[in-house]
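Down below is the structure, laid out as structure tokens.
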Amino acid sequence: MKSIEEIKSAIEAAIPGAGVELIPNPSPSGQHSLRLAPADAVEVARFLRDDAELAFDFLSNVTGVDWPGKEITEKVKVTRTVTRIVDGVEQQVEETVEEPRKRVEPGCLEVVYHLFSMAKKHGPIVLRMRTVNRTDQVELPSVTPIWRSAEFQEREIFDLYGVVFTGHPDLRRLLMWKGFKDHPMRRDYVDPDDFEYEPTAHDSVLARAAAHKAAIGGVAQKGTGAGE
Amino acid sequence: MLGEGILKGMAETARNFAGSFVSKERLTTVEYPEERIPTFENARVFPFLVYDTNDWEAGLRCVACQICEKECPPKCIYIDKSKDKKPDYAGKQQFYPTRFDIDISVCMSCQICVEVCPFEAIKMDTEFELATGDRFGGLLLDRKQLAKSNEYYHRIHPTEAAEVDVRLAEEKAKANAKAKAAADAAAAKAAAAKPAPHVEGAGD
Amino acid sequence: MTTPAATSAFLREKMEEGWNRPPIMEPDGEAELLEVAMGPHHPSTHGVFRMDLALDGERVIRLKPVFGYLHRNHEKIAEGVSYLASMPYTDRLDYICSLTNNWAYALAVEKLTGQEVPERAEYIRVILGELTRIQNHASSIGFLLQEMGASGTPLMYAFKEREKILDLFESLTGSRMMCNYMRFGGCRVDVSAAWLDAARKVVAGLPGFIDEFENLLSGNEILMARCQGVGILRPELAVNAGVTGPMLRGSGVNYDIRKIDHYGIYDRFRFRVPLGDHGDVYDRYMVRILEMRESIAILNQALKEIPGGSIMDPKAKIRGFRPKPGEAYGRIEAPKGELGFYLISDGGPNPYRYRVRPPSLINLTVLEDMCLGSNVADVVLIFGSVDIVLGEVDR
Chain A
5 MKSIEEIKSA
15 IEAAIPGAGV
25 ELIPNPSPSG
35 QHSLRLAPAD
45 AVEVARFLRD
55 DAELAFDFLS
65 NVTGVDWPGK
75 EITEKVKVTR
85 TVTRIVDGVE
95 QQVEETVEEP
105 RKRVEPGCLE
115 VVYHLFSMAK
125 KHGPIVLRMR
135 TVNRTDQVEL
145 PSVTPIWRSA
155 EFQEREIFDL
165 YGVVFTGHPD
175 LRRLLMWKGF
185 KDHPMRRDYV
195 DPDDFEYEPT
205 AHDSVLARAA
215 AHKAAIGGVA
225 QKGTGAGE
Chain B
811 MLGEGILKGM
821 AETARNFAGS
831 FVSKERLTTV
841 EYPEERIPTF
851 ENARVFPFLV
861 YDTNDWEAGL
871 RCVACQICEK
881 ECPPKCIYID
891 KSKDKKPDYA
901 GKQQFYPTRF
911 DIDISVCMSC
921 QICVEVCPFE
931 AIKMDTEFEL
941 ATGDRFGGLL
951 LDRKQLAKSN
961 EYYHRIHPTE
971 AAEVDVRLAE
981 EKAKANAKAK
991 AAADAAAAKA
1001 AAAKPAPHVE
1011 GAGD
Chain C
-10 MTTPAATSAF
0 LREKMEEGWN
10 RPPIMEPDGE
20 AELLEVAMGP
30 HHPSTHGVFR
40 MDLALDGERV
50 IRLKPVFGYL
60 HRNHEKIAEG
70 VSYLASMPYT
80 DRLDYICSLT
90 NNWAYALAVE
100 KLTGQEVPER
110 AEYIRVILGE
120 LTRIQNHASS
130 IGFLLQEMGA
140 SGTPLMYAFK
150 EREKILDLFE
160 SLTGSRMMCN
170 YMRFGGCRVD
180 VSAAWLDAAR
190 KVVAGLPGFI
200 DEFENLLSGN
210 EILMARCQGV
220 GILRPELAVN
230 AGVTGPMLRG
240 SGVNYDIRKI
250 DHYGIYDRFR
260 FRVPLGDHGD
270 VYDRYMVRIL
280 EMRESIAILN
290 QALKEIPGGS
300 IMDPKAKIRG
310 FRPKPGEAYG
320 RIEAPKGELG
330 FYLISDGGPN
340 PYRYRVRPPS
350 LINLTVLEDM
360 CLGSNVADVV
370 LIFGSVDIVL
380 GEVDR
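These protein sequence lines map, in sequence, to chains A, B and C. Just so we're aligned: 148 in my numbering is position 144 of the first sequence, and the numbers increase by one with no gaps anywhere. Just so we're aligned: 848 in my numbering is position 38 of the second sequence, and the numbers increase by one with no gaps anywhere. Just so we're aligned: 287 in my numbering is position 298 of the third sequence, and the numbers increase by one with no gaps anywhere.
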């Protein structure tokens, strides 16, 4: 099999201007990946499948990964003009100070594809794509028209992560039910307070039951029975 | 010939049917409560706590390090660590659990607690007849219910228990040797620092 | 489409064109479209699984599988506990084959950390993996026949043999089904000489069992009439839809991960990969029977050659296991297909991302394609021939 760099240059030769970026993997597994620009992804995918030498005809695994936004504190050198009395005269002086600045690195949702070739019996090659953010721009192109095996897996990612796959023929929730809101695999997901607590002897469960009771306005639900 | 395969299959079932009257091996049904199949030595059901000596409370090997509580996949172990220390069976000052509960309605018998325990204090039981009328209280076992003697452990897992005893004895010997070496070194140091005038009577 | 003949002509034509998505079938003009929810509680669904069928008379026009009744978000649970604590949870994915699930997960973590597995542990893994394959295939064939209407007998024959294998599992691992046996860098307890002798005895009895099973079933005219030409899966569609395992090989695609990746020590054993020719239910049945025979060949070699030595990587850590940042995808040929685990580590004690690639779920992608135009009774059969476990489908 070609090395990942060779595959990258093959993609770039076949599709000029395709956004392909090599992401090294520091783990001993050595499974480095290629990050595709969503705009060219379908074309690249088709090339990988149909190229006679690469022939990645088998899309094994499709996964979502959630990368929430991170707040990063860093020291930034700032040059500013201050008024200061120098030798008894008020002057405009430029000085450089370091000041801490907080910046929020925007999060994103990532989708990872593991491709193998059944015809050439090689693989894997790892492809990844990222959404712009985690809230409103979560569209990524679907590869289901190219590999049917993505059908249920993309539905699962839509369900559990909230990535919207454009071009998917049947994009519905897969595991959660129809009216369900939110996406449980996101890292900031909070369990809804809709459990029926059963009387158990555990303090933590009893504490949760008490919190639940307080949240619903002190009305004891049947079966919420802390100490009933 | 059409039907040959069916006849062949019927012959097979007939052979097995007749065979079940003569072959001892095929009579596998056991009348359960009266008659029991012996359990395997490695079988595991729920964990229990091992104690040495005859006193379950003083002899508990558990030192409330809470590693099992942290590692337990379904989080069914609840431990309260003591404030004070007391001597364990080997005479060493250790913390002890004031509460050690296992909720066996949550426990999935995975044996991770046994593997991570550095003190050989928690082991797997083979007792499976645990039905109870009290769904919640009855399935929450406290440390008294969990404590079983080392003899019991030897009875249910003889090979494993023997290995554990050897390992503990080795550790104890090593600890004793180390303590002795440390004591000797301290004594030698003390002796070197100020030579005692009359050593013979020192131990009296 | 007015008659069954017209339906099959339509489907044959479509099949020759080759479809990537199932064709939309229209009901007969006068016929009433009957919508049936088959499941979630249906004896043939092996658990809680629903198929929404649209029927024209007895013919299936449309089939939509509905998942999630057994969903517990296994992946989320795994992200909240340590690497080791996920091992017992993998037992519960495909609860028929817990040892191969353990193996796949251990393999993925070993790829992530670069741990080496001692030779003896590799042999033990192969022995347990192949025993698992035999008992899975035996019981899946038993269930297939059960769904065909052969109530009990073949299933009990299969279970009789499965019981012996489960006794081996219990005497080694302590549990019949939830084995929790493999560890990162080896196995948990060593096999004794007595256990190996017991295993040799069980394996020596297996060819006789498969002969008996085949006498009972393979030539049976009713089985052939029900299975042959039913639920045909074209190889091109199977590859494109990511179908793996006996289903893929039943369609004639030579792809066995034991032969491709040579994970573990599979390059040392001589075995053949059985392939089907027509891709129908009968071929899948036959591939499973033949795979059991090949597994016995592997077992005989492994039980003969198993070396002495340690069973754990000496550098392996039970407590405080933290892989370096990175990611890895490890996969094995589980009895049901390609079982893969994808892990991302951020250097912490818990995996940052833990993903299971479930063969059962992805093999169901083509369920509608296989069932179109067939009778409801055949849907049950085709579904049975996919061989799924809902614990793995819904995770």
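Cβ coordinates follow ideal geometry from the N, Cα and C atoms, glycine included. All values reported here derive from a predicted model rather than from experimental measurement.
Please report the distance separating the alpha-carbon of residue i from that of residue j.
i	j	result
Arg909/B	Arg308/C	23 angstroms
Gly815/B	Ala93/C	40 angstroms
Pro128/A	Ala49/A	14 angstroms
Ala123/A	Gly813/B	42 angstroms
Met137/C	Asp200/C	21 angstroms
Pro145/A	Asp383/C	25 angstroms
Arg1/C	Thr849/B	57 angstroms
Asn852/B	Asp376/C	31 angstroms
Arg320/C	Asp266/C	26 angstroms
Ala1012/B	Lys999/B	With a pLDDT of only 43 at Ala1012/B, under 50, the local geometry of the prediction cannot be trusted, and no value is derived from it.
Leu23/C	Arg10/C	22 angstroms
Gly21/A	Leu52/A	16 angstroms
Asn320/A	Ala193/C	Residue 320/A lies beyond the stretch modelled for chain A, which goes from 5 to 232, so this question has no answer here.
Phe198/C	Glu150/C	7 angstroms
Ile932/B	Thr942/B	23 angstroms
Ala991/B	Ala1002/B	16 angstroms
Glu119/C	Val147/A	35 angstroms
Arg171/C	Ala182/C	Reading off the sequence, residue 171/C comes out as Met, not Arg. If I take the Cα positions, the gap works out to 19 angstroms.
Gly239/C	Arg122/C	16 angstroms
Taking only three categories from DSSP, how would you classify residue i?
i	result
Lys325/C	coil
Arg177/C	coil
Ile50/C	strand
Pro145/A	strand
Asn986/B	helix
Gly319/C	strand
Pro224/C	helix
Gly908/B	One detail in the question is off: residue 908/B reads as Thr in this sequence, not Gly. In the structure shown, Thr908/B sits in a strand (DSSP, three-state: E or B).
Arg84/A	strand
Lys891/B	strand
Report buried or exposed for residue i, applying the criterion of at least 16 other Cβ atoms within 10 angstroms of its Cβ.
i	result
Ala154/A	buried
Ala323/C	buried
Thr79/C	buried
Thr83/A	exposed
Asn352/C	buried
Glu114/A	buried
Pro928/B	exposed
Glu327/C	buried
Phe132/C	buried
Mind pulling the chain C residues with CB within less than 9 angstroms of residue i?
i	result
Arg965/B	Chain C residues near Arg965/B: none, gap ~17 angstroms exceeds 9 angstroms.
Phe162/A	Going along chain C, no residue has its Cβ under 9 angstroms from Phe162/A, so there is no contact; the nearest lies around 13 angstroms.
Give the residues of chain B in contact with residue i, contact being defined as C-beta atoms less than 7 angstroms apart.
i	result
Arg77/C	Residue identity check: residue 77/C is Pro in the sequence provided, not Arg. The contacting residues are Pro883, Met918, Cys920, Ile922.
Ala74/C	Glu881, Pro883, Ile922
Ser71/C	Glu881
Thr142/C	Thr823
Mind pulling the chain A residues with CB within less than 8 angstroms of residue i?
i	result
Pro314/C	Pro30, Ser31
Which chain C residues are close to residue i, counting only those with a beta carbon under 8 angstroms from its beta carbon?
i	result
Leu119/A	The contacting residues do not exist; Leu119/A stays about 10 angstroms from chain C at best.
Asp61/A	Val228, Asn229
Gly819/B	Asn204, Leu205, Leu206, Gly208, Asn209
Under 7 angstroms between beta-carbons, which chain C residues line up against residue i? List them in chain order, please.
i	result
Val115/A	Ordered by position in chain C, no residue passes the 7 angstroms Cβ test against Val115/A, which lies about 11 angstroms from the chain.
Just the chain B side, please: which residues come within less than 8 angstroms of residue i by C-beta, in chain order?
i	result
Gly336/C	What Gly336/C touches in chain B: nothing, since even the nearest Cβ is about 18 angstroms away.
Thr385/C	With chain C represented from -10 up to 384, any question about residue 385/C goes unanswered, as that position is not in the structure.
Interface residues of chain A around residue i at Cβ under 9 angstroms?
i	result
Gly103/C	Ser31, Pro32, Ser33
Open item on the list: Under 8 angstroms, with one C-beta from each stretch per pair, do the segment 919 to 928 of chain B and the segment 951 to 959 of chain B reach the 3-pair mark?
Closed with: no
Open item on the list: Under 8 angstroms: do the segment 112 to 121 of chain C and the segment 290 to 305 of chain C share three or more Cβ pairs, one atom per stretch?
Closed with: yes
Task: the segment 56 to 68 of chain C contacting the segment 341 to 358 of chain C, beta-carbon criterion three pairs below 8 angstroms - done: yes
Open item on the list: Counting beta carbon pairs with one atom in the segment 354 to 361 of chain C and one in the segment 73 to 89 of chain A, are three or more of them shorter than 8 angstroms?
Closed with: no
- [ ] Determine contact between the segment 268 to 275 of chain C and the segment 208 to 221 of chain C, defined as no fewer than three beta-carbon pairs at a distance below 8 angstroms.
- [x] yes
Open item on the list: Whether or not the segment 166 to 177 of chain C and the segment 299 to 318 of chain C are in contact is what I'm after, with contact meaning three or more pairs of Cβ atoms, one per stretch, closer than 8 angstroms; do they touch?
Closed with: yes
Task: Cβ pair count under 8 angstroms reaching 3, the segment 838 to 845 of chain B against the segment 874 to 889 of chain B - done: no
TODO: Assess, as a yes-or-no matter, whether the segment 310 to 319 of chain C is touched by the segment 98 to 108 of chain C under the definition of 3 or more beta carbon pairs within less than 8 angstroms.
DONE: yes
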